[in-house]
Amino acid sequence: MNPKLHSLFEALEKERTLLLTAVKSYPADTLSHTPRPGKWSVLQILTHLVISEQLSLLYMQKKSLGVQSAGDTTAVESIKSWLLLLSQRLPLKYKAPKFLKESTPGQWPVHEIEANWQTLRQQMHAFLSAIEPAHLKRKIYRHPVAGRLNVTHALLFMRAHIRHHQPQVKRLLK
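According to this note's numbering, the sequence shown is numbered sequentially starting from 570.
Next comes the structure, spelled out in C-alpha cells:
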C-alpha cells in the first residue's frame, strides 16, 4: 500500500477503534436510546458511519474499474476537500443525504456494527493496497456536497466524519 494511504488508513482505524472501545461497555438500552423523536441514538450514529463508509468504498471500487478515464484532482478539489474537512470540525448539524438515509437500516446491535465495520475495513485495506501510485489523484470518490475527489480526500473525510460525530456520541452517553 502507498505509504500516505497506509498512514491515513491507520489513523482512520485508530478513530474506529477508539469510538468502539468507548461505547462497548454501555448497556444496549443506553446505546439504543433516542433522546427525542427525530434524533439519533448511539447505535444509529455508528450504523450511519458504517453505511457511509460502505457506500463510499462501493463507489470508489466502481469508479476504479474505469480509473483511466477518471480525471486527476486539481487545486480546486483540494480546496473543496479542505472546506469539507473544516465543515466537519464546526459544531454544526448537517442532514444526512437522502440516499444515505434510505440505505441505512435503523440501527444494528453493537456487536453487528463492530463485525460489519471490521469486514468493511478489511475490504478497504485490500482496495487501498491495489491502488497504483499513478492513480492516487484520480477522481474516484464522490462526496454528496463536495463532488468528485480522490482517495486521499476520501480517507481524510472519513476520519473527519467519525470525529464530527464523537461529541454527539459523548453527549448521548452522559
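Don't be surprised by glycine CBs; every beta carbon is placed ideally from N, CA and C.
Using the Cβ count rule (16 or more neighbours within 10 Å means buried), how would you classify threonine 673?
Taking the first residue of the sequence shown as 1, we reach residue 673 at position 104. Buried.
To the nearest whole angstrom, what separates the beta carbons of glutamine 630 and phenylalanine 696, a pair I think is in contact under 8 Å?
Sequence index remark: in the sequence shown, residue 630 carries index 61 (1-based). Sequence index remark: in the sequence shown, residue 696 carries index 127 (1-based). That belief holds up - the Cβ atoms of glutamine 630 and phenylalanine 696 are roughly 6 Å apart, short of 8 Å.
Neighbourhood of histidine 704 by C-beta, 7 Å cutoff - its chain only, sequence neighbours within 5 removed
Residue 704 sits at position 135 when you count from the first residue of the sequence shown. Excluding positions up to five away in sequence, the list reads Val636.
Boundaries of the alpha helix (DSSP H) in which histidine 680 is found, first to last residue:
Here residue 680 corresponds to residue number 111 of the sequence shown, with the count starting at 1. Note, histidine 680: alpha helix (DSSP H), 679-698.
For isoleucine 620, count neighbouring Cβ atoms within 10 angstroms of its own Cβ and tell me buried if that reaches 16, exposed if not.
Position 51 of the sequence shown, counted from the first residue, corresponds to residue 620. Buried.
How would you write the range of the beta strand (DSSP E) that arginine 717 sits in, first residue to last?
Residue numbering aside, residue 717 sits at position 148 when the sequence shown is read from its first letter. Here the beta strand (DSSP E) through arginine 717 covers 716-718.
Does DSSP put histidine 712 in a helix, in a strand, or in coil?
Start at 1 with the first residue of the sequence shown, and residue 712 comes out as number 143. Correct three-state label for histidine 712: strand.
Rounded separation between glycine 716 and leucine 724 - CA only:
As a working mapping, residue 716 is identified with position 147 in the sequence shown. As a working mapping, residue 724 is identified with position 155 in the sequence shown. Going from the Cα of glycine 716 to the Cα of leucine 724 covers about 15 Å.
Can the beta-carbon of leucine 588 be found less than 9 Å from the beta-carbon of leucine 615?
Along the sequence shown, one-based indexing puts residue 588 at 19. Along the sequence shown, one-based indexing puts residue 615 at 46. Yes.
Counting Cβ pairs, one atom from each stretch, are 3 or more of them under 8 Å apart for the region 640-654 and the region 576-590?
no
In angstroms with no decimal places, state the Cα-to-Cα distance between valine 679 and alanine 591.
Residue 679 sits at position 110 when you count from the first residue of the sequence shown. Residue 591 sits at position 22 when you count from the first residue of the sequence shown. Each residue's alpha carbon lies about 12 Å from the other.
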